[in-house]
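Take a look at the structure below.
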Amino acid sequence: TLGIVLLNFSTVGAIAILSSFLFGFAMAAPFVLAPLLTTFAFGAKDFADIYGTVTIFTFLGPILMPTLSGMIYDQFGSYFFAFVVCGVIEAASLVIGVAILKSGGYEKLQAANQV
1 TLGIVLLNFS TVGAIAILSS FLFGFAMAAP FVLAPLLTTF AFGAKDFADI
51 YGTVTIFTFL GPILMPTLSG MIYDQFGSYF FAFVVCGVIE AASLVIGVAI
101 LKSGGYEKLQ AANQV
């Protein structure tokens, strides 16, 4: 992350503090934002079941990609295609996530269905 890069090259205390803040924010954001975005997208009803499913998919990448990356490296002699696979998955996730957020989330969907 940017915080780690800044920390490596910081010679001034203020830059070290800024980089520590950026690193801490980047490390905490997924754990704070994921439940909030899940509630926004799917509502609070049955949150535990929905968030459990979201969490499974959150950790599916770290479970599968190291092995898949190794297999890709063995096949092609480079990690380039592994990075391409990761990039495609991240781009698809971004498009889906933005579409869900632009739709207004669960509350807007519920309001539209009640009219």
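Once you know that position 91 of the sequence shown is 91 in full-length UniProt numbering, the rest is easy, because the numbers rise by one and skip nothing.
Backbone N, C-alpha and C fix where the C-beta goes; we use that ideal spot for every residue, glycine too.
Along the alpha helix (DSSP H) that carries residue i, what are the first and last residues, could you check?
i	result
S69	47-76
A28	13-42
S93	80-102
Exposed or buried, residue i, counting other C-beta atoms within 10 Å across all chains shown (16 or more means buried)?
i	result
F42	buried
S78	exposed
S19	buried
I89	exposed
I63	exposed
I72	buried
F59	exposed
For the putative contact between residue i and residue j, defined by C-beta atoms under 8 angstroms, what is the C-beta separation to the nearest angstrom?
i	j	result
F40	G105	4 angstroms
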